[in-house]
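Residue numbers (this note's numbering): 1 to 168.
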Amino acid sequence: MNSAKKTSDGLDKDEDKLSVGENLGQDPVFDSLRKRGHRITAQRETILQIFREQPHGEHLSAEELHAKLLERGSNVSLATAYRTLKLLSSLGLLRELDFAEGHKHYELKQDTLPHQHIICTGCNLTLEFEDHFLEEAGQKIGSRYNFEVIDAQFKIFGFCPSCKLKRR
């Protein structure tokens, strides 16, 4: 039976004790975590590093993140990966994207230009595109209802060329 004690953010205390590199002092992402009272654990450092290494336009699900953690030799559980994704999203460091049929994916929010997504409902292929008209429309709608827009997501669902051929 697992008797590990949980920290205030739901992580195992044993996981929270791992040491991290000294080079994090000037990192704005980690500064943001510290200012909000969260420790920089080895798991959080590794997870954020994985997101930083993703090619432009690629998003990760919790399962994909967990697989990448295991590839690096980390012993982080899938449950811890989920909790960390939830925490980093709630702090505004990651953007949670709810794609087809409730499949959540995540991307690093820092340094991302406003963009939208087109998602294949057949194979879950997800492409990013930029459309300034949609950005402006989101701001105008927010203003119309006296909202301060902090994020707007526009998603198009359909079938990619490959899945479209399979449907014929």
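Backbone N, C-alpha and C fix where the C-beta goes; we use that ideal spot for every residue, glycine too.
All values derive from a computational prediction rather than experimental measurement.
(message) Just to confirm before moving on: does the CB-CB distance between H115 and F133 stay below 8 Å?
(response) no
(request) Within the same chain, show all residues whose beta-carbon is closer than 8 Å to that of L33, passing over the 5 residues directly before and after it, in chain order. (result) R39, I40, R44, L91 and L93
(request) May I ask you to report which of helix, strand or coil DSSP gives D131? (result) coil
(request) Drop a sphere of 10 angstroms on the beta-carbon of E136, count the other beta-carbons inside from all chains shown, and report buried for 16 or more, exposed for fewer. (result) exposed
(request) Measure the alpha-carbon distance for N75 versus Q49 and round it to whole angstroms. (result) 16 Å
(request) Please go through the same chain and pick out, in chain order, the residues whose beta-carbon is closer than 7 Å to the beta-carbon of V149, but skip the five residues on each side of it. (result) G138, Q139 and G142
(request) Please report the residue range of the beta strand (DSSP E) in which Y106 lies. (result) K104 to L108
(request) Mark A81 as exposed unless 16 or more other C-beta atoms lie within 10 angstroms of its C-beta, in which case mark it buried. (result) buried
(request) Provide the residue span of the beta strand (DSSP E) that contains F157, from first to last. (result) K155 to G158
(message) Quick check: L65 and L85, are their CB atoms within less than 8 Å of each other?
(response) yes
(request) Could you check if L256 is buried or exposed, using at least 16 other CB atoms within 10 Å of its CB as the buried criterion? (result) Residue coverage of the chain in this structure runs from 1 to 168, which leaves residue 256 outside it and unanswerable.
(message) Between the alpha carbons of I118 and G37, how many angstroms are there, rounded?
(response) 37 Å
(request) Alpha carbon to alpha carbon, how far is Y106 from Q153? Give it in angstroms, no decimals. (result) 13 Å
(request) Could you name the residues of the same chain whose beta carbon sits closer than 6 Å to that of R168, not counting the 5 residues immediately before and after it, in chain order? (result) none
(message) Considering only their Cβ atoms, is the gap separating F99 from T126 smaller than 8 Å?
(response) yes
(request) Work out the CA separation of E53 and Y145 for me, nearest whole Å. (result) 38 Å
(message) Classify K5: buried if its beta carbon has 16 or more other beta carbons within 10 angstroms, exposed otherwise.
(response) Legend: pLDDT at K5 = 42, less than 50; position of this residue unreliable, value from coordinates given subsequently. Classification of K5: exposed, given that the 10 Å Cβ count is below 16.
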